Each structure stands twice: as C-alpha cells, then as structure tokens.
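Going down the list, the protein sequences come from chains B and C.
Heads up: the first sequence runs through residues 1 to 799, numbered per our numbering.
Heads up: the second sequence runs through residues 800 to 963, numbered per our numbering.
Take a look at the structure set out below.
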Amino acid sequence: MINIEIDGKHIESESGSTIIQAAHSAGIAIPHFCYHKKLSIAANCRMCLVQVEKAPKPLPACATPVSEGMKVFTVSEQAVKAQKGVMEFLLINHPLDCPICDQGGECQLQDLAVGYGGVASRYAEAKRVVTHKDIGPLVSAEEMSRCINCTRCVRFGQEIAGVMELGQAFRGEHAEIMSFVSSTVDSELSGNMIDLCPVGALTSKPFRYSARAWELSRRRSISPHDSLGSNLAVQVKGNQVMRVLPVENEAINECWLSDRDRFSYTALNVPERLTKPMIKQGGKWQEVEWQTALEYISHGLRDIAKRGGAEQIGALATPNSTLEEMYLLQKLLRGLGSNNVDFRLRQSDFSADGKQAGAPWLGMAVADINQADRFLLVGSFLRKDHPLLASRIRQAVKRGAQANVLHSTDDDLLMAVANKSIVAPSAMVSVLAQILQALATEKKARLDGAVQALVQAGSPSAEAVAIAKNLAGGQHPAILLGNFAQQHPQAAQLQLLAQHIAALCNAKFGFMGEAANSLGGHLAQAVPFAGGKAGMNATAMLAAPRKAYLLLNVEAELDTHNPQQALAAMYAADMVVAMSAYKHFASDYADVMLPIAPFTETSGTFVNTEGRVQSFNGTVKPLGEARPAWKVLRVLGNMLNVEGFDHDSSEAVRDEALGGMDVSSKLNNTLGGTEVRGLGTEQAPAHHSAPGPQSSALSGLQRVADVPIYSSDAMVRRAPPLQATHDALPPSAAMHGDELAKLGLKPGDMVKASQGEGSVRLSVVLDNRLPRGVVRVAAGHALTAKMGAMFGTISVERA
Amino acid sequence: MLSQPIQEKLDRELKKYPVDQKQSAVMSALRFVQDEKGWIAPEDMADVAAYLGMAQMAVYEVASFYHMYNLKPMGKHTLTVCTNLPCQLSGAADTVAHLKTRLGIGLGEVTADGKFGLREGECMGACVDAPMFTVNNRKLCGRLTAEKIDQILAELSTEQGAKP
Chain B
1 MINIEIDGKH IESESGSTII QAAHSAGIAI PHFCYHKKLS IAANCRMCLV
51 QVEKAPKPLP ACATPVSEGM KVFTVSEQAV KAQKGVMEFL LINHPLDCPI
101 CDQGGECQLQ DLAVGYGGVA SRYAEAKRVV THKDIGPLVS AEEMSRCINC
151 TRCVRFGQEI AGVMELGQAF RGEHAEIMSF VSSTVDSELS GNMIDLCPVG
201 ALTSKPFRYS ARAWELSRRR SISPHDSLGS NLAVQVKGNQ VMRVLPVENE
251 AINECWLSDR DRFSYTALNV PERLTKPMIK QGGKWQEVEW QTALEYISHG
301 LRDIAKRGGA EQIGALATPN STLEEMYLLQ KLLRGLGSNN VDFRLRQSDF
351 SADGKQAGAP WLGMAVADIN QADRFLLVGS FLRKDHPLLA SRIRQAVKRG
401 AQANVLHSTD DDLLMAVANK SIVAPSAMVS VLAQILQALA TEKKARLDGA
451 VQALVQAGSP SAEAVAIAKN LAGGQHPAIL LGNFAQQHPQ AAQLQLLAQH
501 IAALCNAKFG FMGEAANSLG GHLAQAVPFA GGKAGMNATA MLAAPRKAYL
551 LLNVEAELDT HNPQQALAAM YAADMVVAMS AYKHFASDYA DVMLPIAPFT
601 ETSGTFVNTE GRVQSFNGTV KPLGEARPAW KVLRVLGNML NVEGFDHDSS
651 EAVRDEALGG MDVSSKLNNT LGGTEVRGLG TEQAPAHHSA PGPQSSALSG
701 LQRVADVPIY SSDAMVRRAP PLQATHDALP PSAAMHGDEL AKLGLKPGDM
751 VKASQGEGSV RLSVVLDNRL PRGVVRVAAG HALTAKMGAM FGTISVERA
Chain C
800 MLSQPIQEKL DRELKKYPVD QKQSAVMSAL RFVQDEKGWI APEDMADVAA
850 YLGMAQMAVY EVASFYHMYN LKPMGKHTLT VCTNLPCQLS GAADTVAHLK
900 TRLGIGLGEV TADGKFGLRE GECMGACVDA PMFTVNNRKL CGRLTAEKID
950 QILAELSTEQ GAKP
C-alpha cells in the first residue's frame, strides 16, 4: 500500500493504481471523459488534469500512477485553471445544441460544462462539422459533430466486445470516429457504446427523441433472456417502458448489458401483443372475458382428466418463465394428478433425469470465471448464447488464461483460442472421451469404470492430446458446457465425461444455463422427475401426444427441440391452452389464448446460472387485459379445486417454492457414477435419429442447429430493432466447401433442405470452418420451423 | 487478395517483427499497395487487415492518419507541394498557383488523362531548398521556379510516354 494525500486527505492506495482510482475510492470526484474504470487508459481528453506537488505542470490523474508521499490537489488554482482550459478547448468544436440533443440532461459534457465552462466562448471561427454515419439499427451516430474524440467506444470494441468496429480515422482537427467503409456495428454488445459515450454522439436509435432523462422513473428488474440474470434499470414514462439500462453489479453483468437485454423492451408494445383472452369457437377466434376463458379451461381439463386420466394433460413452459410461474404450473399439474411438466424444451437427452445429485448450474460463481486460467468450452455458441459470459472469458484470456474449444462450429469467439477440435455433432462424445483418455495418461490416473465404456480403443487425436495437456497445465481450469452440449442427443454422456475430466484436472465444471430461469425451473420442480412418480419429459409428451397441453410462453414450432413433432402433437390434442404475451402461431392449433404479462408487467424471480435468486417487481401495469401468469395459474388452481392455491403475492409463491431452501445446497452437477454406466446409443431415447459416436454410420448430412441470438425467445423475436440487425438475418444452409462441391452448389444458390416430412428453401453459405458432413441450419426461426429435430440428419438438394 | 509480389515483400517485412505482432508491418503493407496501384482502395485495406490479422478499421486508421497514403486515385505522378510556413515564405503559393494553371486542376485533383495529381503536403524537412514538392512521395524537387517546374513536368510527361 502506498500513502498519498489528495486535497489534504490522507489516502492509502494500492501500488500501481492511478491518482483517479485512488481519488474515486476515497470518494473524491475528478472530472473526466475518456477515463473509464473498465477500459484502458487513453489520457486523451485531458479533463482530469490535477496539480501534483513537485510536478512542474498539471498531470492527467487517469494516467499518473501514485507514488509514496505524493500530494495531489484536484481543486487548487492550478488544477482548476487547467481543467477550465481543457473545457474551453473541448467546447470550441462542440455544437451548442443541448436543447435538441438526445443526451441532454444525462450528458457528462453538459454537467461538467456547468462547473468548468465559460459563460461565453472566445472562439469566433467556424466550428468543424463531422458527417453523420449509419452504423446499424441500434446505435445512432447521426450527430458526430458532438463527438469529443474520447475513444471510449473504440476501446470498448477492442477490449470488451473483442472486435474493433469503430475507429478514429484521420487526425488532428479532422479526426473522426467511424466504422470501416460505412459498415454497421454488429457486435452483440454494441449498445454499451451508448452508455459509454459521454456526449450525445452515440445515442440509442430505438429510444431517440422519445423521452427526456428527467421524465423517466427508474425501476429495477432482471433480464429475462440469457442465464446471466443481468440487472436492469427499466425506465418508464406514463406506464410505458421507454428504455432499459444496466444496473451495475460487479458479480454479474459488471456495468454492461448485451444488446438483447437492452433492446428487447421494444417488443413490449408491438401490435402482436395479446391483450384479451380468446377462445376458438367453430374455427373462429373470439375475445372473451377472463372468467369465461378460465371456466372453459377448467371445464376442459377436468373433462379430459376424467375421460383419459390426468396423464393426458401435459404442461410446457419456456425457461424464460419466472420461478413463480413454473412453480404454480407444476403444482397445478401435480394437483390434477399429472407429472407431465417440463421447461427443457430444446433438450433431447433426458437420461440424466433423477440421476443428477442436484440442479445443473455453472459450477462456480460468475465472478470466478475471471480467476480461471484454463477453459474447456464444450458445445457453446458462446458469443451469441452468453454474450457477457463470453466477455468475461475474453477478459480472462487477455490476462493469460487459455481457452480450448470443442464444438461443431468454429465461429470467431473474438479471443485467442489455444486449441480447438471442431467436429460433427455425432463425434463430440468421442472427442471428449479422447480428451479424458489423454488427460488420464497425462496424469497417470486410472479411468473410472463408469466412463471406461465411452473411451474407445486407440490413441487419442492430436487435438484431444493438446487440449488435455493444456488443461493439465492449469491451476484453476474451468469446464463449461454450452447450450449445444445441453441440447445434444448425448448430453448426459458429454456431462459425465466433462465431470470426469474436471475431477482429473481439479477443474470446476458446470453448465452455462440455456435461459434466464433454466436453473429456477429445477428449483421450482417444473421437471417431470421432481415429484413422486416420474412424468413425461418435454420430448416424451410431444412424441406421445397428450389430449391437453398447457403452454406457458411456448411457441411450439420455435421453442422446441423438434418443431415437426411439437406441432403434430398440438394439432392432435383436444385442447391446447396457450398462455402468451403475444398472438402467435398458436392461433392455428390452440383452443384458448390467455394474455399474460411479460417480465416488465409482473413481479417474479429468476435464478441465474450461478444460483443467484433475483426477484423483481413489475415496472408497468399489464397491457390491456393481460395478467401476470402466476395470478392466472392461481385462479385456475382455485377453479380446479386444487389444494394450496391461495397465494396473495408472487413473493408468497416464491417463498413456498423455495421454502427457506438454501439454494446453494441444491446445486450439484454430479451424475451418479455407476448408474449411467454403459449409457450407450442403444439406450438413448428412440425418438431422435442422431447417430452414435461412430461417424462412419452416417448417411446424409448432420444438422448443426444454433438458436440465433435474436430468435431465442418470444420477446426478442418481436423486437423490431433487434430483428433489423445482422445477427437476425434469415437462416441459411451453411456448409464446408467440400460438401458444396459434392452437391455442385455455390454460395448464394437456393437449396431444399429436408428433414423428416418437412422441407424448406434456404440460401447456401460457404463456411470452411465447419466440419465436413454437417450443414448448419438455425432453429428458433419461422423460416426453419417446418424442420425436424435440432440434431439429426438432413438432406440438401438444389432447389 | 494481395498480389504475389506484395505478399512476398510483406513476408520479408514480417520477419522483422515478433510473430504475434504482425500488425507492426501495416505501414509497409500499405506502402507496397500504393507503390503497385498508386492508391489504396478500401478493398486493399481489407486484404491487408486479413493478411496481418488486424481489424479492418485499424488499417483504415493508419491509412487515413498519414497523408502520404492516397485514399483515392491520384494519378501516375502525384505532386505533393509543401505549403508549410518556410515554403510559404519562399513562394509556395506561387508554386501551387503555377502547377494549378499548368495542369488545369486544383489541390486534391487529378488531370483528366490520369497523368498528374496535385496535393498539398506538410513539411518535408528540407526547408533549405524551399519551395518544394515531391513526386510520388519519393523524388524531392526543390528550389522551384516556374521554369524548373515546367522542365520537371516535361520530363515526367516524356517518361510516361517512353514507358508503356
């Protein structure tokens, strides 16, 4: 520790820290623009000039390291003179257009100009003009004359987002921030540049000119999309959500927000919102009162239970539903006598059900990711599925950690990857087993009998050995299974292998949860194996159609592992109740549509992937006659005379669901060792056609299905600005050049991609980073909703 | 794709730098492109970025920072006239005016036949010879008078004619 003095105040500061850091930690404000605690030091705005004893001239506080006995004066005559001088220069070219600037009222330059600016400018010449730019549908760069060239946005791209999309071109007075040849900014974290911009140069395109900062009330909430559980400030004006900003939480989202979390609010008031309960009568949809709709449902459910047994009822929820909603849904079902409830809609391997010691979680705290020094990322579209976890891993890699990747696609992670093995989905188990085998050799350990069966004879591939050696060389390795690994038809085998690899190299091992409440769903017992007799899982109850389905937020053709199967089951059912915030394709197969509230209009709880229970309140009143789903389910429970549906608040539901539970004791990724022995392909559920580890047994191409970032749930699918981004381009059929050559195709051609009974027309994309024998066709999109399972064989022919 | 000769020159250049710091060669790469084409198109910058593993924007930053890189076609012979103070005091304004009249173009423009481009430059560090211009950033021509400029232009024109 170093002793310094700032403005006469004695401060202890860490060696190597800068004056501005020491001052901030002591609560002393120093004016600044280019400095940001999460970004590198640029020291180009000069606003933080301070006087330092014995220094001949003012020094920039952001770039001056503290030294023992240093005396700093931040408000001395010399310091203030320097700061005022800098401000005068900054204002020379800055337009005086605060009244029409979207940043007005929350502008750092405006605020500091009040303190340090002159009453009038001495500069009488022409101000410089910087042309406006179009950098995409999210970030507006329409008033670049306001830019003070602090380069925060540039450094954010380089350092946090991992890709330098904005840069400072030209120099001196002509320097301007721009993208390369008017290309768009496509980073999934781009919205943070809006927060970082200290002036009104980069502003939010969807929010522009819709409200002033002082008109908005700020309400805290939790992101309903990815499993990180980012903390949100929902800003509201007149019962309407106007925008969403991050709330700083160093343990979760730091001060960032992914674009999905930031801009999904634009889907809250779209015309497709369902605002009245509707019943289909004689093939025609009619708006009805809540009472009528709920009576119709309870009557129908009772009738079906009486005639066919309660097992004829199935309930499906998306993992974006709240803990309370999922808890009441399963309670309702179990009260009726059915255990057919599930939220793992895109999962296809349920063989680990009941064999896992606890609920699947990250296996570590989110903040622990920064400490890991080796990563093995198994089956993850990391950047798109977990934008901010990806950023954390990127930061760790920058500090010297090494990342290893096992996946079926080789998308650029925008970080250095030490070793990678990019193989077809069917080979993933085999490669992971080879890594285990190589690691055992490296560690001179004997393999457990449970996984011996999965390790094939022969020596492991060079890639597997390299990954194993890399992991063995780490002090704090982390093995993370992504969405693709969880949706994989051999997910349990991947899990078991990862568990053994983790044990051998003393790694932490866990799942990066698929969605906001993937962990909460387990805690809410919204899984078929949670209560007494095991019910049917998500796939089973679609493979063997039920007579009645309760759908919570679910769009059957977009949110499930096998849309063909899901739709067939919906059409075959006698009654489908679609609880959704939106009018969607359920109008074709459902009998009742109930308008429920999205996360901004209900209170609830999400449990993030590290096991953090985060409750939130509603921020606005529900639109139209929409109601919070937990209330709908409670009333439905009452109507069906199910015991214990007398909660008067979502907190009461949460407290019952968690029942004073110590959540951390419920988290455990360990698969019972011997029980899964010999869990081979022959025991895998029969519904999927994915082949076993032997890739030679294949005919046709294997599908690799990602869920694009802006197709992940009902809300983002309807957010117009997100849908206008590069990431939301319609799905294509991407293949390796060798496969294209075999089929005589060239990029841009149209093909007919067929799977099961369905086929769709897609344009061909060349991706030589894909393994041979696969075709990448995204799921979760209307264009590919006629396809079958996310894993499986697919045939491609010229259309 | 960068042309074969450029790639060869660039590979030689890259040997000067650590393997993980290929971007150190960006200025050389841009120079090679300009030597070959006379200017650097955005596509060339993208090629350089791909070759050196840099962000395209980072290449653009460098290319736009240094005024000796031509971001648009500047003719076969680019004449860059120094207009900084010592040259101005020695008659750089007359040099520019004479060139403008002789070539019939303004600063930053190219003659219709694509032979000559005219641009303004910064101090060339040889003020003793002021006023001066460079030809294609390589040949320094100083102590300019109207006659000397005419002579240089005539030489450059015939050189152009001599070589296909």
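A virtual CB, placed ideally from N, CA and C, is assigned to each residue, including glycine.
Since the structure is predicted, the reported quantities are computational estimates derived from the model, not experimental observations.
What are the start and end residues of the beta strand (DSSP E) that includes residue i?
i, result
"residue 361/B", "Counting along the chain, residue 361/B falls outside any beta strand (DSSP E), and DSSP gives it neither H nor E."
"residue 703/B", "701-704"
"residue 12/B", "9-13"
"residue 578/B", "575-580"
"residue 287/B", "284-287"
"residue 510/B", "508-511"
"residue 900/C", "Per DSSP, residue 900/C belongs to no beta strand (DSSP E); it is in the alpha helix (DSSP H), 891-902."
"residue 735/B", "733-735"
Strictly by DSSP, which residues pair up with residue i?
i, result
"residue 313/B", "548/B"
"residue 920/C", "881/C"
"residue 167/B", "178/B"
"residue 614/B", "606/B"
"residue 873/B", "There is no way to answer for residue 873/B, as the model of chain B reaches only from 1 to 799."
"residue 437/B", "None; residue 437/B has no bridge partner."
"residue 1/B", "Partner(s): none; residue 1/B has no beta bridge."
"residue 420/B", "405/B"
"residue 336/B", "The partner list for residue 336/B (beta bridge, DSSP) is empty, contrary to what the question assumes."
Can you have a look at residue i and say buried or exposed, based on whether 16 or more other CB atoms are within 10 angstroms of its CB?
i, result
"residue 820/C", "exposed"
"residue 630/B", "buried"
"residue 533/B", "exposed"
"residue 728/B", "buried"
"residue 539/B", "buried"
"residue 281/B", "exposed"
"residue 798/B", "exposed"
Suppose the cutoff is 7 Å on Cβ atoms and the five residues either side in sequence are ignored; what does the same chain contact list for residue i look like?
i, result
"residue 297/B", "577, 592, 636"
"residue 63/B", "18, 41, 43"
"residue 162/B", "394, 414, 415"
"residue 777/B", "703, 705, 731, 733, 753, 762, 784, 787, 794"
"residue 585/B", "555, 557"
"residue 95/B", "127, 145, 146"
"residue 103/B", "199, 200, 203"
"residue 853/C", "822, 825"
CB-CB under 8 Å to residue i, same chain, minus the five flanking residues each way: which ones, in chain order?
i, result
"residue 827/C", "808, 809, 812"
Between which two residues does the alpha helix (DSSP H) carrying residue i extend?
i, result
"residue 720/B", "720-723"
"residue 290/B", "290-308"
"residue 231/B", "Counting along the chain, residue 231/B falls outside any alpha helix (DSSP H), though it belongs to the beta strand (DSSP E) covering 231-237."
"residue 391/B", "387-398"
"residue 653/B", "650-658"
"residue 637/B", "629-639"
"residue 860/C", "855-864"
"residue 521/B", "518-523"
"residue 194/B", "192-196"
"residue 797/B", "Note, residue 797/B: premise wrong, no alpha helix (DSSP H); beta strand (DSSP E) at 793-798."
"residue 80/B", "77-93"
"residue 25/B", "19-25"
"residue 487/B", "483-487"
"residue 804/C", "803-813"
Please go through the same chain and pick out, in chain order, the residues whose beta-carbon is closer than 6 Å to the beta-carbon of residue i, but skip the five residues on each side of it.
i, result
"residue 764/B", "733, 745, 747, 749, 751"
"residue 377/B", "405, 480"
"residue 549/B", "314, 573, 576"
Positions along the segment 164-183 of chain B whose CB lies within less than 7 Å of some CB in chain C: 164, 165, 166, 167, 168, 169, 170, 171, 179, 180, 181
Chain B contacts made by the segment 844-873 of chain C, where a contact means CB separation under 9 Å: 844, 845, 848, 853, 854, 855, 856, 857, 858, 859, 860, 862, 863, 864, 865, 866
Near-chain B residues of the segment 830-842 of chain C - C-beta to any C-beta below 8 Å: 841
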